[in-house]
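To start, the structure itself, in structure tokens.
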Amino acid sequence: MQLELQNIKKSYGEGGSRIEVLKDISLGIEKGEFVVLLGPSGSGKSTLLNIIGGIDTADSGKIIIREKSMADMDEKALTSYRREHLGYIFQMYNLIPNLTVRENIEVGAYLSKKPLDIDEIIEVLGLKEHQNKIPSQLSGGQQQRCSIGRAIVKNPDILLCDEPTGALDYNTSKEILALIERVNKEYGNTVIMVTHNDAIKNMADFVVKLRDGVIRKSYRNETKQTAAELDW
Amino acid sequence: MKQNKQQQSLTGKMRKPLNKRIIRELTGDIGKYIVIFILLVFSIGFVSGFLVAGESMIKAYDESFEKYNIEDGNFRTEEKITAAQKERIEKKGVSIFENFYIEKEFDNNTKLRIFANREQIDKVCVMEGRLPDGLHEIAIDRMYADNNGLSVGDKLVSGSESYEIVGLVALSDYSALFYSNNDMMFDASAFGVSVVSDKQFAEYDEGKLRYNYGWLYDNKPQTDEEEKKVSDDLMDALANIVSLENFVPGYLNQSITFTGEDIVGDKAMMEVLLYIIIIIVAFVFGVTINNTIHKEATVIGTLRASGYTINELIRHYMSMPLIVTVIAAVIGNVLGYTCFKNVCVAMYYGSYSLPTYVTIWSAEAFWKTTAIPVVIMIFITYFVLRKKLSLSPLKLIKRDLSGKKPRAAIALNKKIRFFDRFRIRILIQNKSSYIILFMGLLFANLLLFFGMMLPPLLVHFQGIVTENMLAKHTYMLQIPAGAIDDEDELSAAFSYVFLLNKISTNNPTAEKFSAYGLKTTGEGGSRVEDVSLYGIKENSKFIHAEFDDKTVLISSAYADKYGLKEGDVITLKEPYEDKYYGFNVTGIYDYDGGIAVFMSKKHLNDIMGLSEDMFSGYFSDTEITDIEEKYIGTTVDEESLTRVSRQLMISMGNLMYMVDGFSVVMFIVLIYLLSKLIIERNVQSISMAKILGYTGKEVAALYIVPTALVVVASLLISYPILSYVMVGIFRVMLKQMMSGWMVIWLDPSVYVKMFLMGIITYAVVAVIEYRKIGKIPMSEALKNVE
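Going down the list, the sequences are from chains A and B. Counting with our numbering, you get residues 87 to 318 for the letters of the first sequence. Counting with our numbering, you get residues 679 to 1464 for the letters of the second sequence.
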């Protein structure tokens, strides 16, 4: 098991306004799996992703990654965990606005001892002719490709994607999903994707449905579709 | 119509919620507003205090002419004027008044010019105590007293004589204590003026009296030009009636005019300083506003889309800078009228012997320190806001704030290390902040440089003039004017033979020289000043140069001040006659102690129509003791040569510390504000970098190093600029303000000290910024903002 979550609980606020966002979540993810965390707004899926990513902390429960408990990690160890093992893709891309496409990808490459070839990634992502542009010169889809590039260039063990197609149109969304699918296949990274788009579950190996902080359903997908086959 | 009104009042109410943000903006960014506020309060307060003090002082000074009946000029004669002579002089349209004095050395190594109490002209302002009315009582100048730690009740001793100080006074014709009108600078620590009772004055040896007279015109000339003409005519007339030893018309009398000119000059300088500071602060606000608009673009776009007008939003975003400026101006003015005024008044009283003053309300000071800063602030912030907020709501919502097509990124060579490219991008991104930082640091450094450079410059000047003296002792003999009157050569010769005995010395180290005083012509509006011409004997032990019949060497100070070189021609003028002399400069003699010309004694005497053996004084290695004091006019020694630098140290010492302190504050404020802005502008990216796994140190290396580089580069670039500007300013200042010359020397160690101060200041700010970067939460990047 590459990643194991045991009895994760998380709440925000105090007293009467306290909201339990995650109520006793447990699940295990295998290396190389394409996992989709599915649920409506407020179901706790992004919080769960952030806890896995080490940028938020659980109130209780245990997260074991490659047989190491995250609870034993101090700030420094958490930074190095993110640095060595994780790649992040956000809905709003979060590119550094004053760096070019290439340089944004280099931001990721710098963190890895053995980064992938930047030129190859730019080629794969279809960004070759845009590599010297800054984010504000790009369309949403192009920016998201760039953010994928930044995440995968360091060849992370786990790729965390928070609504990566949330701000994109149908066709661009499918292109982006196809890219993530290709990355998953070619580089063998584990992908954990948060989405509220029900159709995307069909391309997952493992689907976890959340509502009100509780796993309503989780299953291995036996009838996996390619991104190109998806429709919504 | 009614419905319209209702709608308007409803919209008015609806708009009010926006105003609530103003207080939240203030509390949310209190650190920034506090530092800006402090900077503004101090600048406005200090300038307001300075202007109020200056205006009050100028008023007291201007009024003193009438109140104390200040003379229109004075002259000194060799002998007391007879009644017949007085009558002849007064026919020239003036009234003359006796204002005799004696000069006395005191045991505290100072010299006092002692007058009898004045009742008609140049009246005395008693600042403390009373005027003397008995024997052995004296009232001394207030500033001389301050500089020598004397107060009412103390004793002043001169050999066997002792005086009780009964009062501290200001003599209206000595607001600046110039010993001689030819001096480059006054010296209120070694020289002062005083009054004694008529009874005491009558006790003095007549041989020591200086027959000084003040005059008042029957019809005052209205302009300087007219006054020059009238006084020139008077001088010619006087020279025909009496033997003049000295003639100083009021408009040229530094003891009277220097103070007024200096206060007016200071005021102008302070105003310029204030406006530069306000403009820098306005630009800091401009950058801040720009950042806020970037941050709030979507909100602004939404508000605009909902019907808010551009002007409503401009007013909203302008309110904070304006509120801060207005409050700072009000508090600054209050402080200006209270504590800062006193500091500035103390500064003036520390330099000048001014009469008592009354604080006046200065509308000018109020406008200049309140209205103009507010207008500058409105103008600059409005301009920035108008430009940004005029974008369409849609562009604002989409955060497309460039106003035009996004500009392509500047291509950077891939071979440059990634971190370096990253930093270059930050430099490009924040170029406007960095330009303001550079300009601000340049300005703060200019102030600091001025403050730190002046003391070593003065010390250095003291050093070189004392090392570089023509002789350890230079005596100028006091030869009666008649003896050198070329209109009456026979009597000149007689007087001279008679005097020769009296002015000979047996001191083996003494060497005779002849000297003659001429003046510059004041070409091109430059100041008319005295030039000493020295006639040097052959094989002089003191002046190491070869002189033939045509050799004319000018002192290095003369060459430096007027940019003269070998081959140039100098034209000099008789002080009290319309007679000109041209000299071909054949070389430069290394002497920084004064504006002087050297030639052979024979050469000088020939030109001036003096006999070959005529001489004017002695250079000597040891003190000459066998010539009666009354035949010695002036002695040039260390004391007289270092007068300028000592007085400047006293007058400007406190100001220098204040300037240093102020520039350091400005330094800190600017670096703090602008590095804070740069960090704030990149909060999202910093947060994202942390999520990606960048360590705090790496983030700091990316975001703090560029500012550090800009600070270091700004400091290094500023030094040659500052040196150039400062030398320029000093040259102009010294040339216009002072007779004589001071070698401008910039102490290299000042650069090192300034650089270290700059770096240490930055290091403090960098530590604050480092901590701030550490505190940026990763959740920042998770907000749905690009």
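For each residue, glycine too, the CB sits at the ideal point set by N, CA and C. Small disclaimer: the values here were computed from a predicted structure and weren't measured.
Listed by chain order, chain B residues near residue i by CB distance under 9 Å
i	result
A/T165	K1368, G1371, Y1372, T1373 and G1374
A/E189	A1087, L1090, F1096, R1099, F1100 and R1103
A/R169	L1370, G1371, Y1372 and T1373
Own chain residues within Cβ distance below 6 Å of residue i, not counting five before or after
i	result
A/G274	G118
B/T1312	M1154
B/K1239	W1419
A/N93	D110, S112 and G147
B/I1422	V1405 and F1408
B/V1347	V713 and L717
B/V1314	T1152
A/G226	A253 and L254
Which residues DSSP lists as bridging residue i, in chain order
i	result
B/Y1440	Paired residues: none, contrary to the question.
B/Y852	Paired residue(s): none; B/Y852 is not in a bridge.
B/K789	B/E783 and B/F869
A/Q92	A/K148
B/L834	B/Y841
B/A915	Paired residue(s): none; B/A915 is not in a bridge.
B/E815	B/E842
B/A1223	The partner list for B/A1223 (beta bridge, DSSP) is empty, contrary to what the question assumes.
B/L1242	BP columns for B/L1242 are empty, so no partner.
B/S1298	B/H1151
B/K1251	B/K1197 and B/Y1258
Chain-ordered neighbours of residue i on chain A, where CB pairs are closer than 7 Å
i	result
B/A1087	T186, N218, K219 and I220
B/M1456	I141
Close beta carbons around residue i, own chain, < 7 Å, minus the five adjacent residues each side
i	result
B/E776	Y891
B/R693	Note that B/R693 scores 49 on pLDDT, short of 50, meaning its location in the model is unreliable; the coordinates nonetheless yield the value given after this. Cβ within range, chain order: E990.
B/E1458	V1361, Q1362 and S1365
A/L197	R169 and K240
B/F1097	A1379 and L1380
A/K131	L123, G125, V280 and L296
B/E1301	H1151
A/R236	N190, I191, V193 and G194
B/T1059	A960, F963, G964, I967, M996 and P999
A/S97	R104, I105, E106, V107 and D145
B/P665	What the structure shows of chain B is the stretch from 679 to 1464, and residue 665 of chain B is not part of that stretch, so it cannot be assessed.
B/N786	N826
Cross-chain neighbours of residue i in chain A, by beta carbon under 9 Å
i	result
B/F1362	The question names Phe, but residue 1362 of chain B in the sequence shown is Gln. Ordered by position in chain A, the residues that pass the 9 Å Cβ test against B/Q1362 are N180, I182 and P183.
B/A975	The premise fails here: B/A975 is roughly 12 Å from chain A at the closest Cβ pair, so nothing lies under 9 Å.
Under 7 Å by beta carbon: chain B residues contacting residue i
i	result
A/E192	F1096
Within chain A, the residues that residue i reaches when beta carbons sit closer than 8 Å
i	result
B/A1459	F176 and N180
Listed by chain order, chain B residues near residue i by CB distance under 8 Å
i	result
A/Y98	Correct list: empty, because the minimum Cβ distance to chain B is about 12 Å.
Residues of its chain near residue i, where Cβ-Cβ distance is below 8 Å and the 5 sequence neighbours each way are ignored
i	result
B/A1159	Legend: pLDDT at B/A1159 = 42, less than 50; position of this residue unreliable, value from coordinates given subsequently. If we look at B/A1159 and ignore the five residues flanking it on each side, its Cβ neighbours are E756, S921, L922 and E923.
A/G139	R168, L172, Y174 and L246
B/L846	V804, M805, E806, G807, A817, I818, D819, R820, A823, S829 and V830
B/I1094	I1102
B/K1354	G709, K710, E1447 and K1450
Cβ-based contacts, 8 Å cut-off: residues of the region 1095–1125 of chain B near chain A:
Answer set for the region 1095–1125 of chain B: F1096, F1097, R1099, F1100, R1103, I1104, I1106 and Q1107.
Ignoring anything shorter than 4 residues or poking outside the region 986–1040 of chain B, list the alpha helix (DSSP H) runs there in chain order.
Segments of the alpha helix (DSSP H) lying fully in the region 986–1040 of chain B: 988–1013 and 1019–1029.
At 3 residues or longer, what runs of the beta strand (DSSP E) sit wholly inside the region 1174–1211 of chain B?
Within the region 1174–1211 of chain B, the runs of beta strand (DSSP E) that reach at least 3 residues and sit entirely inside it are, in chain order, 1189–1198.
Fully enclosed by the region 97–176 of chain A, which beta strand (DSSP E) runs are 3 residues long or longer?
Inside the region 97–176 of chain A, DSSP marks whole beta strand (DSSP E) runs of 3 or more residues at positions 105–115, 120–124, 146–151 and 172–175, from first to last along the chain.
For the region 1373–1398 of chain B, enumerate the residues whose C-beta is nearer than 7 Å to any C-beta of chain A, in chain order.
Per Cβ criterion, the list reads T1373.
Which residues, taken in chain order from the region 257–289 of chain A, show a beta carbon closer than 7 Å to some beta carbon of chain B?
Under the 7 Å Cβ criterion, the region 257–289 of chain A contributes no residue.
Please give the ranges of any alpha helix (DSSP H) in the region 186–265 of chain A, keeping only runs that are unbroken, at least 4 residues long and fully inside the region.
You should have 187–195, 204–210 and 226–238.
Which residues of the region 196–207 of chain A have a Cβ closer than 7 Å to any Cβ of chain B? Give them in chain order.
Residues Y196 and L197.
Under 7 Å (Cβ pairs) to chain B, residues found in the region 225–242 of chain A
If the cut-off is 7 Å between Cβ atoms, the region 225–242 of chain A has nothing near chain B.
As an exercise, report each continuous alpha helix (DSSP H) stretch of at least 4 residues that is fully enclosed by the region 1040–1072 of chain B, in chain order.
The region 1040–1072 of chain B contains these whole alpha helix (DSSP H) runs: 1041–1044 and 1050–1067.
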